[in-house]
Structure formats: structure tokens, C-alpha cells
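Chains as they are written, first to last, in this note's numbering: chain A, 23 to 532; chain B, 16 to 116; chain C, 9 to 176; chain D, 110 to 604; chain E, 86 to 453.
Just so it is clear, CB atoms sit at the ideal spot from N, CA and C, and this is done for glycine as well.
One structure is given here, and the rest of the page talks about it.
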Amino acid sequence: MSLLTHILGWPLLAALLLAFVPRNFRFLTRLIALAATFTSAVLAVVMFVKFDTAAATEYQFVEKLPWVASLGINYHVGVDGLNVGLVLMGALVAFAACCCAWEVQEREKEFYILLLAMTGGILGAFASLDVFFLYFFHELALVPTFIMIGVWGRGEEKDYATFKITLYLSIGALLALIGLLALYLQMPEGKRTFDLVSMTEHFRGKAMDGSAQQFIFPLLLFGFGILVSLWPFHTWAPLGYGSAPTPTAMLHAGVLKKFGLYGLIRIALPMMPEGAAMWMQWLALLCLGNIIYCGLVAMKQKDLNLLIGNSSVAHMGFVFLGIASLNVLGVTGAVLVMIAHGFLAALSFGLSGYLYQQTKTLEMEKLGGLLRQMPFFGAALVMAAMAGCGLPGFANFAGEALVFFGAWTEFRVVTIIAVWGALVIGAVYMLRAVRNVLHGSLPEQWHAVKDVATPWRRLPFALLLGALLLFGFYPALLTRKIEPVVKQIVKDARAVLKPSVTVGVKNLSE
Amino acid sequence: MNVGLEQYLMVSGLLFCFGLLGVVVRRNLIIMYMGLELMFNAANLALVAFSRFNDNLDGQLMVFFIITVAAAEVAVGLALIVALYRKRQSAHVEDLTTLKL
Amino acid sequence: MENVLFYIFAALTLLFAFLCVANPFSRNPVTSAMFLVLTMISMAGLFVLLQAFFLAAVQILVYAGAVMVLFLFVIMLLDIKEEERRRFSRFSIALGGVSVIGLGFILFKTIRESKAGEGLKLVAVKGSDTAALGKALFTQYLLPFEIVSVLLLVAMVGVILLSKKDLK
Amino acid sequence: MNASLIGFEIAVVLLGLGLLLLDLWTPPERRRGLGLAAALSLLLVLVATFVVPIPQEAVGFGGGYLFDGLALFFKRFFLVAAILVLVMQTEFADRIASGLSEFYALVLFALAGMMFAASANNFVMLFVAIELITVTFYVLTSFQRGRQASLEAGVKYLILGALSSGFLVFGIALVYGTSGTMSFPEIAAKIEANHSLAHQGLFQFGIVLVMVALGFKIAAVPMQIWAPDVYQGAPTPVSAFLAVGSKAAGVVLLLRVLLTAVPDLAGHSAKLLMVAAGVTILYGSLCAIPQRNIKRLLGYSSIASAGFLLLGLSALNLNGVSAILYYLGGYLFTVLAAFLVICIVTRSTAGQTSQEDDVGLFAGLHQRSPLLATALTLAMVSLAGVPPLAGFFGKFLLLKAVVESASSPDQTALRSAYYTLIAVGLTGVVISLYYYFGVVKAIFWSKGVGDLSPIPLSLPARLSLYVCIAGMIFLGVYPGPLLDLTDGVVKAVFK
Amino acid sequence: MEAIKQFFSGLSWEQEFVIFTTLKVCIVLFGAVLPIVAYAVLVERKVSAWIQDRVGPNRATPFFVKYLPVVGPILVRLGIFHPLADGLKSFLKEDFTPAHVRKVYFWIAPAIAVVPAMLALAVIPFGSKLGDQKMVIADLNVGILFTFGIISLGVYGLVLAGYASNSKFSFLGGIRSSAQMISYEIAMGMSVIPIFMLVGDLNLSKVIAYQADGAWLVFKQPIAFVIFLVAAFAETNRLPFDLPEAETELVGGYHTEYSSMKFALFFIGEYTAMIAASAMMVVLFFGGWTLPFAGLNESATTFAMGLAHIGIFVSKMLFLMVVFIWVRWMLPRFRYDQLMDLGWRRFVPLALVNIVLTAVVLWALHPK
């Protein structure tokens, strides 16, 4: 069996196993969950290391089993430069989230089962090279999210948030499903398959009918867009993350949300260049909504979690901008941001979750001066904030810079506004948050709060920070893998555009 | 005017409508049930007329089955209505109120 | 003569049927039942005009003779008081009336337009239609016949179950 | 006269008669076991359908009875359903005041009716089979005649059922009259020979009436009103059999009439089908939202499912039909699992709450019986159409078929209608998530849980639950075999 | 005479049909049925008197008859004039309508009770031929079914009478009668099926023709005859099955509230039903108008022979009516549950067995 199957299989297997563990064996439950996620994280690292960068455009670690032959559905997993980083990120974040799950005290068994199912789903969604399984795994990850928010969520608006997130995400997923089905049916009869590789090959050779593209592309764009909280369909995100239990928020905001973006880059762009050409302008405008509007909203937040949620929506704007630019720099940057933001969002939510655990509140006005009380926590939060502002040294910087370079050649005005938004607005709310939470005088009631004490508890934060820094200082680790693939995708996607438009500037790795 | 298939169908159609009227407007279960019988009879008339004018026996056989089935249905139906009446002391549709939201 | 008889029987059938479901003078269920009996009998007349003697007899035997007696039986047994204490809701009458008239109109139109009877003549029955029916019933339609027998068994079991006294 | 063709049906009827007789010699305290015996015998019949050599395609009894792949598929379907229902009935036995053996036997007769319906090839067989099913269900629905709800449900089913029968016979009369034959293939042949027949007003009117009547069986708009009331009021196993068996019988007859008899007209009435499908889905989904009674909720959910089945039909392609069969296959296990759990849970809490069958009864179920909680959760999740369960793949196939039609070049005129329909279908799915998860929530996270005593499970019930769970998961995770089967069947039958 | 012949030969088929049918109806009804009913009542009273060792009605006399020599006193003794007096009485009595009844039905019910019984006679061939005319009012192909259909309508009169009277005795009587009649109709209907299996036709004339060719069916189908006979008692509400009007329990049953002519109509109805039942039995089991000697088995060729056939038929029928009356005074009344038990659990299965038996025998004799 391929390494990938192991990576996504262990968590699912562990979920199944947990179903048979008695309820009161709490330690065993957690142990199994941790072991499974740890295994997949380690395996993911192994995979990442063993990944042959020279052959980044090839699919590696491939496994293909026929599943439903009559429909052309195969269990087909594999990674190329585009998703290898995402799988790694997913596995690491899953492990971190599992470490942070200690805050859940009731019904642990169910929680861990759902968490593991979600993990397996996420990893499967990123590793699948079959459209059906792509969707299948995504749904498998999505549904536990709803349940976890509904049950273990917090805050007064929990039920409303559950309802809203379920509604929005289901609609998004189903729209995407229709789009994918339509895509499948565009294949000539007899050759129909859900296999992503063959589909891409097919449409590369013989472009899809223009009117079909006009129809399918927006379905995918908005279907996936809703999943990624594209403005103006983003309102579920801050609310949902605000109410979600920490591990769920980490996994969803960090990893699962990226699925929509991945789908856009992997499926929509290469197969439907005409659709892309038509809609990218609009996407560029909409992403301003994410960056500016949500940034402004984030500034107004009084609750730390809502602030992080809004900022996460704002960050998605950068990715959209990168995709909209449709050149090698922009899209590579977008993928980089996806990975970086995965670590960042997980880190932020993990931290805010820890804080909530200690103080039972996240209202920034009530907090303050916690740095003295909790040095490790404070340091981590500051670094997360810095990463969020896009300071150099963190992976976000590399990604965002690439995005802006890429976008600059395409939409100057938009880029200027976006940069302003990113630098100014982002800095304002992040720094205000840091100030409100960490600095100032320490209110009486917080004298008893404790820092993240044991190394064990510190592990997830350290891991995520480490990853952020690693890829921040050495982004080529990723870009070298991403870029060749993106080149191909961009070439496909630009197939119908006038040749006068520049195709990227130059290779980054040079 | 010479009487042909059309005239029979008209009668049958009207009969069907009357039956339906009974079901829709009346509120007494038993009378509603009578309306249903009328609808069956309308079908019977149409079937016999078609069968005879097409000179094809299938329609009459169908009538035979319909009559038999209708009789069985009436037996069960009336038993049910009686059983309900014993419990409820009413045979009115408006009184069927147990099953609500 | 057949034409005249047709119009007589048809008119009677329709009149009785109407009085059965919407009698302006009485809302007594017994009256309805009796008008239904009359409808059945007039319809048997129509069957005879169509030379379907067997079915005419069965119609009277089963419907008028057994089914309707059952109805009457039940009405009397329950001694259902007349509906008159309740008022019909105007709305339901209007709605029912309109929909039924609409349906009737559509039916009327389709029957008119489809010219169903064109070129078809009533052929006189040769010999006994009963024999032909019986033959078909026990050859071609044997299976439905047997199924109906199961159905009758079910009805029998059902009626007994529904109406027997509890032994508690 | 080719009696061997109806061997399975004969076996079932004889089994029913045998039960009625055995009742005489069985002491009351052992009658409950008769149900299990019947279930085992049916299992034998089911096995026989795999073992006995079966003709590929055969017609018998004057062309009225057709044995083909579709018939066989549905016969097996009904047998499985009946076996599970019988097990459920033995669990339900305490609440049947008298006539337990008849309770079992009637299910067998209804089963026979369904099996005949699966093979109906002319309108006489259709009518007779459908009436056998319906009349049996009148009795079954009102079987708990000590309970007012049961009786009311029976009466409601009776009136509306008879109304639909009225439509059915009048429709048959018109179709027969205009085409001059009762047989489905002959009608098709007549249309083939004379196309104006298909456009004749009376003929179309007749077909519409027949459709409406069959719509009653599958609980589709406009004949859907009975479903919630009857599901709620009927004894739980009966509701289950109604939801699965009766509905599937309606589906198979609908397929036979639409695709064998009037394939041409099916194309013309696509819009009608679409409207019915859309309205049914919306009605079922929206009305289910405020429900507190679990059986009533399932009633509305069954309406929505009927809408999805019609969705597959209105796709007007063979993949749609195959999807319908697949969906039904998953639906079988899903719904029966749900009702089995309801049946067992309400037994152990009977009389403790004023509101019977309220969703609140499931509070704390996961502590009382993890197996039951799992089964019900999986059923709800599967109904909601979430992977990796059977319901997901069924809905996936249905939607796929509709999208296929929408994007096919032959259906350009209907394209926008198909898009609307897809949108409606999606809306239905999204809404349904809400109320299905309401039940899941009640199982795991309701507040104020009172009774936490464990629920004992009998061996047959346990086995049935395992079968249902396995079915749901298998059909969701590994749809290949069943899909190949349904594809093959549909292609062979409807060419 | 010539003129009359001329007149008839000039008629169209339809006109001829109408005229002769009307004639037959009138003759049968007023020439046969009503007198027979009237004198059946007398026979009933006389027979009961003999059985109970009484004299019976022996007073009524028109003012002149008793002065006739020899014949007069005998006629009076025989009570010949009692039916006349009874008829007169029923016309002249006060026709009282109680206040609590449901008027319309109260008036209609007696009529409904009479009509079906009379209609049932329409298909019975009471002779072979007179001239060119078949001696049957309507020679239907489905004769027997028609009879059963009509007889089954007879129940309405009683039920409605019970309902209209609005008193519990009447009501119970009505309910009882409907249940009883429906129940026994089944046994009755099934009992005759073997006959038609043998004959192969539902037409009653054919049944007679079949018996003319061989033995009477009463010998071939004794079981059927017994069932039919018993069911006929039940259908006509005669003792031992006269539960609907059991005096000791229900006063007068469904006709408790009736008086005068309306009561008389019920009476006529009952006796007409008896006539019909007897006539049916004659046709079905006793060879109808045939006698197995003197060439009487053949359809009549002469006018006299036609009359003889009618005479034979009527005699057979009268004999059976006497049996009806005789039984009434010999047997006690059954209990209601016994009645139902007998019908459903004895006769229905018996009739079924009989059908199967006949089928088996037929199959054995004429294998395909």
C-alpha cells in the first residue's frame, strides 16, 4: 500500500477502533488518537522528505484501485508538487489539534472518533486524484465539523452558529458537487471517468465546450468559494470558528477550508480556461471584499476568537488574489499562503483556545497584562500576530509577497488596495489584539492563570511555530515543488487568453 | 342523436365528478366512502362501454375485478369506520384530530 | 328505443348519483345510501343496454345487494346522526365545487375532442357473454383471479380482527 | 400452467396461510415465535431466489405476469424488507392485544402482493396487486385498535387510498379504452404503430390519473397527505413496511407503466414529473422541520425521498432508473434500521411519556444502548445523504442522472427546468440535514435525561441491526456490485 | 280471429315484444301470483289448524253463499272466502302512521319489500310455449344471476322498515334480517354453482332442457338441494328462521309499527318470495314444467300441451309451497347464533365441498 494510504488510513482506522473502546478508558482513547495522528504526521514528513522534487509534476506515491468500474470511480491517491505540502500541513495540524484536544472533557470518545474521521477525510481529500473521492472525503470531514460545533461548541450563539455553518457549507459543497458531476458528464460517453488525471489529460487535449465552461466554472467557483468563505459568503466563518471547540477550529480553519482553494486550482483552472478567463476579474474584485471588508470587521471585534476568525477570512483574500492573477508567481504564492495560513490559523486558534480554557472569556477588554503571567503563551501569541501581519521570517510573508508580485502584473489597482489592506489593517488589528491581551495591567481575577506548563502541552504550539518559521526562512522547500506544477496549470488555464498577457515573470527558484 | 361511445363516456365522466364532489365536500366518512364507490362505478361504466364498443372482453373482466376488490375494500373500510366510531363516537373527518403536529 | 332507454337510464343514474352526494333536501346518510342503490340499479340498466348482461347482474348482486346493504347496516348500527348540526365550511364547498367542476370541464373537453367513439359501433353479442367471460377469467386472467382470492381472504381476516370484541 | 413462474409468490402465500392455521395449535405465549419462524422461512425463500434456476425473462398467465431482472430485483428487495419487518414485529408483539399471528400473516400477504406487483405486465395485474397491498395495509395500519391514533391513521389511509384507487381505475379505463388493450407492451406497440394515440387527450388524461394513483403509493405530491399521519399512527413495523415495501412497489409499477407502456409519453410529461418531484422534495423537507414526533418526521422524510425517486425518473435516462434502484436499496436498510430502533426504544419507554414516539425519547440513548444509538445515528446520517453511507451514494447517483440530462444535447428545451430541479433538490438536501441532525443531537446531547436504564436487545433484533448497519455502510463505501447489478437490470429490461 | 292474427303478424318485433311482455306480466301477476298469495295464506291457516288439531278458518261467507245447497257449507267450511275478507279488511282498516317514524321510508319500505320478490319471477320459465310465445317473461342468459340479484334487493324493504319505524324492536328486526339474508345468500348462491357446472349455462330454460334430457337435478345434486331449500327458508324469513319478526323477542319485528295495507304489503311480499323460491326450486331441481312421461318432456307444440306444462309447473310449485307451510308449523324457531352458525359454519363449507366434488366428478368423467 502506498504511503499516502497509510497517512490517511491510520486516522480512519483509529476512528473505527475507538468505536470499540469502552467509554471509561479515557486515557486509552486519547492515546490511540494521538498515536494515529502522530503516525500520519510522521509518515507525512517522511513522504515530504522522500518526495522527488525533480519530478514534481509527476504524481508520486500513487495508489489506484478500481472502485465502481461502471461509473469510472477509482480509489486513486497520489501527490505532486501542489498537494504534497498540503498533505504535510494537514497531517501536522491534525496532530497538533489532537494534542490540543485535552480541553474536551466530556464525551471524549465521540469527540475523538469525529476528530479522527475528520482528519482522515481531510487528508483523503487532499490526497485524492479522483473527483468522486475528493468530494467524498471532503464530506466525510465536513460533517463531523458540524457535529463537533453543535455539541462541544461554546458560547451563546452555538446553535445558531451550527445551523449557519451547516447550511452554508452544505450548499457550497453541493454546488461544487453539481459542478463536478457536470464536469464528469462533459467527458464523451464511454470514456467517462472520475479520475482527475485522465480528466485533466482529456480536457487538455480537447477543450471543453465553451457554454459548458460558462456554466460549470461559476458552479465550482462559488461552490468552492463558499467553502473558503469567499466574500460575501463568508459570514459563517467567524461565527463558526468563534463557537467551535479548539481542535475543530484548528482543523477546519487551518486545513479543511483550504480544500476549496485546492479544488479551484486543481480542477477548475486547468480544465476550464474559458470560464477562468471570464471569472477571474470578478474574483479579484471579490477578494478585495475579503481583504478590506473583513479586515475592517476584524478591527471592530472585541472577542479574540472572532477577531482571529475574521482575520482568517481576510487571509483567504490573498489566496483568491493569487489565484485570480493566474500567473505562476501568483498561484504559487497562493499555494504557499494556503500552507502558511494553515499553520498560522491552527496556531492562533490553538492559542485562543488555551486562553479560553484558562480565563473562560475571550473578551479583550477584560483581558490584559497576561504576558507576565504566561510568558510562553505570550511569546507564541506575539509570533502568531507577527506572522499574521506578514512579517518576514514567517511563511506567510513569502507567500503574500509572491501573491502581490504576481497580482501586480495583472490588476494594479486591486493589488495596491490589497497591499494597503494587508499591511495596515492587518497590522492594526493584530497589534491591538496583542496589546489588549498581553500588555497593560493585569486584572485582579487573572492572577491565578497558568502558562502552558509542560513540554507536552507546549508541543503543538512549538510544532506549528516551527513549521511557520521553517517555511518562512526556507520557502524554496515548498516553492520548488509547487512551481513546476503551477506552471503547467497556468499554461492550461491561460490557453485561451491572448498571448500578449505576460505569463509569470520568471522562475522564483532561480 | 344516436347514442355512441361518447355519450356513455360523458355519463361516466360526470359520475366520476359527482363521486369526487362527494369525497371533497362531504365530511361524513361514510358518505365520503359512498362518493368513492361512485368513482369506482364511473370507471366500471367507462370500462364496459369501451369493452363493448371495441368488442374486446378485457374491459369487462377488469370490471369484474374492480367490483370484487371494491366489495372487499368496503368491508374492511366499514369495519374500520365502525371500530373508530366505537372509540370516538363520531364518523366525521373533522374529529380525526389525534394525529397532528 | 335503445336511444330513449339510454337517455332515461343515464339521466336517472346521474340524478341519483348527484342526490347521493349532494342532496339539497336531506343530509341523512341513509338517504344517500338509498340513492346510491338507485344509482347502481340504473347503471345496471345501462349495462344491459350495452349488452353486458353478466356484469349488469353482478352489479346488482354485489353492489346493490351486498355492498350497499353493508353500508346501510353500518349506518344503522352506528345510528349516525345527521350531519346537519354541523355546517359546511363555505370555503371547502367552494373549493371542492370549483375543483370538481374544473375536472369535469377538462374531462368533458377531452372526451369531446378525442372523438373516442368515432367509427365504433356496438356489436351484438353472439351467444352467451358469460361463457366468454368465464373462459377468459380462468385462462388468461387466472392469476389476477387467484390474487383477488387472497385479497378477499385478507379482507375477511381484517374485518374479523377489526370488529371482534376484545377478550380481555 | 407455468405455475413454476410464480413459485416464490406461492411459497409466500402458503406461508401466510400456514401461519393462520398454525395459530390454532400454538399456545398464546409461544405465538411470538411464529414471527421468527416466518422470517426464517422467508430467508429460505430468499436463498431460493439465488439457488433455484431462474429464467432470464419469461412471460406467463396470458402475458400478465412478467419475470425479468427488474422483477427479480424487486422480489428480493421485498423479501429482505419483509424479513426485517417480521423481526421488528416480534419486537413489537407486546403491544398487539390480539391477533398476533394474523399480524404476521398479513405482512406475508402484503409481501405476496408486492412480489406480484413487481411482475405486473398489464393493468389488471397492476390493479389487483396494488389493491392486495393497499387493503392489507388498511388492516395493518389500524391493527392496534385500542389506540385511537392507530385507528385514525387507518381511516385516513383508507379514504385516501380508496380515492387513489378510484383515480387508478378511471385512469385504467381511459387508457384501456383509447388503446384497446390492457397489456403494457401492447400499448407500447400500439403507440409505435400509431403515434397519434400518444397525443390523444383521453389517453394522456388516463395516464396522468394512473400516475397520480401510483404517486399515492410512493407518497408523492399531490397524494402525499396521508404519509405523516399514517406513519405516526400505524404500529411501528407497519410504518416501516409502508415506507419501504409499499413505496418500492409503487416505484416498480411506476417504472413499468412509464417506461414499458408509454416510453414516448414519459418524455412528453417530463415537465409534469419534474414539477411533482420538486414540489414533493420541498414539501417533505420543509414540513419535516418542526416535527417532534420521530415517526411523523420519518413520514415527511419519506415524502422527500419520494421526491428524490421522482427526480431520478424525471431525468428520463436509464442511469436515472438505475439510480432509483440503487437509492431504494440503500433506503431499505436505512429506514428499516431507523424504525427498528424506534420500535425497540418506544417499547422500553412505553407509557412513560405523554407524547409517544417523541424525539425526546432518544435522550441518552447512547448510554442506554450504544448499538441502537449507532444504528439510528447511521440511519439519520444516511438519510441526510452524508458519506460514507448508502444514502449519500444514492443521492449522488440521482443527482448525477439529472445533471446528465441537463447537460445532454437532446434535452436543450428542458435545460433550465432541469437546473431549477437540481437547485430544488439541493435545497431539499440542505434542509434535510437540519432535521436529521436534530435527531442525532437528541440521541447524544439532549438535556434532562431521565431514564438511563440499559435497553435489552434480543438476538434477532441485534442481528437485524447488524445487517442494516452493514448494508448502509457497504452500499455507501463499496457501491460497485449493486450498481453493476442495477445497471445490468435496467439496461436489460428497458433497452 | 283472423283480424287478430292479422294484427299480430303486422307488428314489428319490438312492438310484439312489448305487447306480449305486458300481457305476460299482467297475467302472471294478477292471474297467478296474487291469488296464490291470497290462498297460500288460507292454506297456511288451514294447515296449521290441521297440524294443531283445530278446525281453522271456517266462518267467512258472502251473504248468499251459505244458502247454496251442499256446496255452500263446504265452501264456507273450507274457508274459501277468508282471503277475500282479509283483503277487504286490510284495505278498510285505519292506516295509522305513528308520530315518531321517518315518514318517507316508512311509506316506501313496504313497496320495496314486495317489488323484488315479484321481479324475481320474471326470469322463471313457467311453461314451455303457448303458440309462438315462450312462457317466460324474460328469457335472460344470466337468468339465475338476475334472480339472485333481485332477491338480494329484497333485504332493503325489511331494513328500511326497521329503520323507518324508529323503534328498537323494528330496528333489531331489520338488522337481523339484513344479516340473515346476506349470510344465507352466500350459501344459496354457492349451492347452485354445481348445477350450472353440470348444465353449462346460466339460462334457466337451458336448465330445464337439461333435466328433460336426463334425471332431475334433485337426484344428481341432493346436497345442493338441501342447502338451497334451507337457505330459501332463511331468505324468505320463514320459520324456523323467522328471527327478524320473532314475536317472543321482537313483538312484530320490522313490521311492528305497520298496519292496514302497508302491513298487508309485507305479507304479500313474504308470500311472493315464497312463490319465487318454490318456483326457483322447481326450475332448478324438479325439472320445471317437464314430466318424464307422456311426452311432456318436449317443448309444447299444441296449445293444450302448453297449458298442461303450465299446469305441471304450478302443481310442482304449489307442492313445494305446502312444504314451506308444513315446515313452518313443524319446527321450532332457531336461536340467532344457531342460525348464523348453521349458515356460515355448516352450509357454506358444505356448498364449497359440493362444488369441489362436482368438479372432481366432472373432471373424472370428461377428462380433457
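The beta carbon of residue 125 of chain A sits no closer than 8 Å to any beta carbon of chain D.
Scanning chain A for C-beta atoms nearer than 7 Å to the C-beta of residue 509 of chain D yields 203, reported in chain order.
Flagged as an interface residue toward chain B: residue 251 of chain D, by a C-beta distance shorter than 8 Å. If you draw a straight line from the Cα of residue 449 of chain E to the Cα of residue 314 of chain E, it comes to about 28 Å. Judged by DSSP in its simplified three-state form, residue 150 of chain A adopts strand.
The Cβ neighbour count for residue 67 of chain B, taken over all protein chains shown within 10 Å, is at least 16; the residue is labelled buried. The beta carbons of residue 162 of chain C and residue 244 of chain D sit closer together than 8 Å.
Classified as exposed, residue 466 of chain A has fewer than 16 neighbouring CB atoms from the shown chains inside 10 Å of its CB.
Under the Cβ criterion (8 Å, minimum of three pairs), the stretch 38 to 57 of chain C does not count as touching the stretch 201 to 218 of chain E.
Chain-ordered, the chain C residues with CB closer than 9 Å to the CB of residue 234 of chain E read 52, 64, 65, 66, 67, 68, 69, 70, 72 and 73. At a cut-off of 8 Å, the C-beta of residue 77 of chain C has a neighbouring C-beta in chain E. Residue pairing by DSSP places residue 223 of chain A in no beta bridge whatsoever. Looking at the backbone, the Cα of residue 412 of chain E and that of residue 325 of chain E are separated by about 8 Å.
DSSP, read as helix, strand or coil, puts residue 95 of chain A in strand. Sequence-distant partners of residue 62 of chain B (beyond 5 residues in either direction) whose C-beta falls short of 6 Å from its own C-beta, in its chain, are 74, 77 and 78. The beta strand (DSSP E) runs of length 3 or more contained entirely in the stretch 34 to 112 of chain A are, from start to end of the chain, 82 to 90 and 95 to 101. Restricted to the stretch 320 to 361 of chain A, not a single beta strand (DSSP E) segment is unbroken, complete and at least 3 residues in length. According to DSSP, residue pairing for residue 175 of chain D in a beta bridge involves D:168.
Counting C-beta pairs closer than 8 Å gives three or more between the stretch 273 to 281 of chain D and the stretch 223 to 238 of chain D, which meets the contact rule. Per the DSSP secondary-structure output, residue 107 of chain B pairs in a beta bridge with B:43. The stretch 408 to 439 of chain E is shown to contain whole alpha helix (DSSP H) runs of 4 or more residues at 421 to 426, in chain order.
For residue 292 of chain D, the secondary structure class from DSSP, reduced to helix, strand or coil, is strand. Shown in chain order are the members of the stretch 78 to 104 of chain B whose Cβ falls below 8 Å from a Cβ of chain C: 78, 79, 80, 82, 83, 84, 85, 86, 87, 88, 89, 90, 91, 93, 94, 95, 96, 97, 98 and 100. CA-to-CA, the gap between residue 38 of chain B and residue 373 of chain D works out to about 33 Å. DSSP places residue 131 of chain D inside the alpha helix (DSSP H), whose first and last residues are 116 to 134. Annotation for residue 112 of chain C: the continuous alpha helix (DSSP H) segment containing it runs 98 to 122. Exclusion of the five residues before and after residue 183 of chain D leaves 227 and 361 as the residues of its chain whose Cβ lies within less than 6 Å of its Cβ. Taking 8 Å as the cut-off, the Cβ atoms of residue 55 of chain A and residue 120 of chain A count as close. Residue pairing of residue 504 of chain D in beta bridges, as defined by DSSP: absent, with no partner found. Across the stretch 523 to 556 of chain D, CB contacts with chain A closer than 8 Å involve 531, 535, 538, 539, 542, 543, 546, 549, 550, 553 and 554, in sequence order along the chain. Among the residues of chain B, none has a CB under 7 Å from the CB of residue 319 of chain D; the nearest is roughly 12 Å distant. Identification of chain C residues near residue 64 of chain B by a Cβ-Cβ cut-off of 8 Å yields 58, ordered along the chain.
The residue from D:188, D:358 and D:511 with its alpha-carbon nearest to that of residue 534 of chain D is D:511. Shown here for residue 296 of chain D: same chain residues with a beta carbon closer than 8 Å to its own, the five before and five after excluded, namely 284, 288, 290, 370 and 371 in chain order. For residue 219 of chain E, the secondary structure class from DSSP, reduced to helix, strand or coil, is strand. Put simply, of A:278, A:336, A:235 and A:219 the residue whose alpha carbon is nearest the alpha carbon of residue 257 of chain A is A:336.
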